[in-house]
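There are 2 protein chains.
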Amino acid sequence: MKISELSKRSGLSIDTLRFYEKIGLIEPPPRDDAGRRDYPEAVLGWIRFLDQLNATGMKQADRIRYARLRAEGPATYAERRAMLETHRTEIARRLAELEETLALMDRKVAHYRALEDETQKETTNV
Amino acid sequence: MKISELSKRSGLSIDTLRFYEKIGLIEPPPRDDAGRRDYPEAVLGWIRFLDQLNATGMKQADRIRYARLRAEGPATYAERRAMLETHRTEIARRLAELEETLALMDRKVAHYRALEDETQKETTNV
DNA sequence: GCTTGAGCTGGAGTGCACTCCAGCCCGTAA
DNA sequence: TTACGGGCTGGAGTGCACTCCAGCTCAAGC
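Which chain is which? The protein sequence lines are A and B, in order.
Read in the numbering used here, the first sequence has 29 at position 29, and its numbers run on one by one without any break.
To get the numbering used here, take the position in the second sequence, counting from 1, and add 1000.
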């Protein structure tokens, strides 16, 4: 798969794909005769996973560390598991935070509706 | 309340408090005779609310817009409510995303545990 | 065989949200 | 009365995560 196709299918820009390779998030893919990157299909799954870690707040440095451990093979299973467990904890914390704020938004919206009704009434009375 | 006390009680650094004032997130507080900021108690509640918007992913520009609307009074109730409703939708989206990834973390952790057991067995067999 | 377009590299630039700094003033304690 | 700590301002600097650019090569189509 050429870089332009991977870009379309992954949703990452071409520049970001090369950037991710440079910082070690994506393994350098094989090149064709002209020196152009030729990605394996499997990279798509990995990118989707990276996206999920990213979207749920894992820091770049940690994603890079995970990628490096992954490249080192079975010897790093325990360490990778520990990282995901840590991230799981962080996600749970953020879930609670979001739920709390969701409830707050609902209360505030209801409050504003009430205030708008008040304002409406006053306006009507004039 | 002096800025150092507000810093301690709000968890924001003194620099951040002044920065927030500069960009319009916090109203300029009255000054004492020496020209030093003297914050009202009420600012703490506002900062906590800002924190919550921040922690749940609202952009600086939007928080500033909300702060400006708030300063304009009752005429902006509807607009403020619309902003919070939009943010509520965004929070709900992120909740779903986090839940999905939480489940993924659990699956992956279980997977790694299984792999570690395998590795353990092999090592034992040698 | 020349134009076009995709891809390449190294490095500079961007936007966000702070964070730090120099050099100043002022009020209180020794 | 002077030393100190806290506060002030405007502006420069930081870290993160990209994003853009100049100037190059190469392959394929007309």
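Even for Gly, the Cβ is constructed at its ideal location relative to N, Cα and C.
Taking its Cβ as the centre, do 16 or more other Cβ atoms sit within 10 Å of residue i, making it buried, or is it exposed?
i	result
B/Arg1063	buried
A/Ile23	exposed
A/Lys86	Checking the sequence shown, residue 86 of chain A turns out to be Thr, not Lys. A/Thr86 should be labelled exposed.
A/Ala67	buried
A/Lys121	exposed
A/Arg81	buried
So residue i is in the alpha helix (DSSP H); what residue range does that whole segment cover?
i	result
A/Ile47	43-55
A/Lys22	14-23
A/Lys8	3-10
A/Glu27	Premise fails: A/Glu27 is in no alpha helix (DSSP H) and is neither H nor E.
A/Arg37	First-last for A/Arg37: undefined, no H or E at that position.
B/Leu1061	The sequence as given places Ala at residue 1061 of chain B; Leu does not occur at that position. Looking at the DSSP string, the run of the alpha helix (DSSP H) that includes B/Ala1061 is 1060-1072.
Suppose you measure from the CA of residue i to the CA of residue j; what does that come to, to the nearest Å?
i	j	result
B/Pro1074	B/Arg1065	15 Å
B/Arg1037	B/Leu1053	25 Å
A/Leu115	B/Arg1048	22 Å
A/Thr16	A/Pro28	13 Å
B/Arg1088	A/Arg94	15 Å
B/Leu1012	A/Ala34	54 Å
B/Lys1002	B/Trp1046	16 Å
A/Tyr77	B/Thr1119	9 Å
A/Glu97	A/Ala103	10 Å
A/Arg58	A/Asp117	One detail in the question is off: residue 58 of chain A reads as Met in this sequence, not Arg. Approximately 43 Å between the Cα atoms of the pair.
A/Pro30	A/Glu79	28 Å
B/Ala1110	B/Glu1099	17 Å
A/Glu72	B/Arg1113	17 Å
A/Met105	A/Pro40	45 Å
A/Arg107	A/Thr101	10 Å
B/Gln1060	A/Ala42	37 Å
Excluding the 5 residues flanking residue i on each side, which residues of the same chain have their C-beta closer than 6 Å to its C-beta?
i	result
B/Tyr1020	Ile1026
A/Thr56	Ile91
B/Asp1032	Asp1038
Starting from the C-beta of residue i, find all residues in its chain whose C-beta is less than 7 Å away, skip the five residues before and the five after it, and write them out in chain order.
i	result
A/Gly50	Note on residue identity: the sequence assigns Leu, not Gly, to residue 50 of chain A. Closer than 7 Å at Cβ, skipping near neighbours: Leu25, Arg63.
A/Arg9	Leu44
B/Ser1007	Ser1013, Ile1014, Leu1017
Sorted by chain position, which residues of the same chain lie with C-beta nearer than 8 Å to residue i's C-beta, five sequence neighbours on each side aside?
i	result
B/Ser1004	Ile1014
B/Met1083	Asp1062, Arg1065, Tyr1066, Leu1069
Between the segment 104-120 of chain A and chain B, which residues of the former have a C-beta closer than 8 Å to a C-beta of the latter? Leu104, Met105, Asp106, Lys108, Val109, Tyr112, Arg113, Leu115, Glu116, Thr119
- prompt: Going along the segment 79-97 of chain A in order, which residues come within less than 7 Å of chain B, judged by CB to CB distance?
  reply: Arg80, Arg81, Leu84, Glu85, His87, Arg88, Ile91, Ala92, Arg94, Leu95, Glu97
Name the residues in the segment 47-58 of chain A whose C-beta lies less than 7 Å from a C-beta of chain B; which are they? From the segment 47-58 of chain A, only Gln52, Ala55, Thr56 have a Cβ closer than 7 Å to chain B.
In chain order, what residues of the segment 1066-1077 of chain B put their CB closer than 9 Å to some CB of chain A? Listed by position along the chain: Pro1074, Ala1075, Tyr1077.
Item to check | Chain-ordered residues of the segment 1008-1038 of chain B with a beta carbon less than 8 Å from chain A | outcome: none
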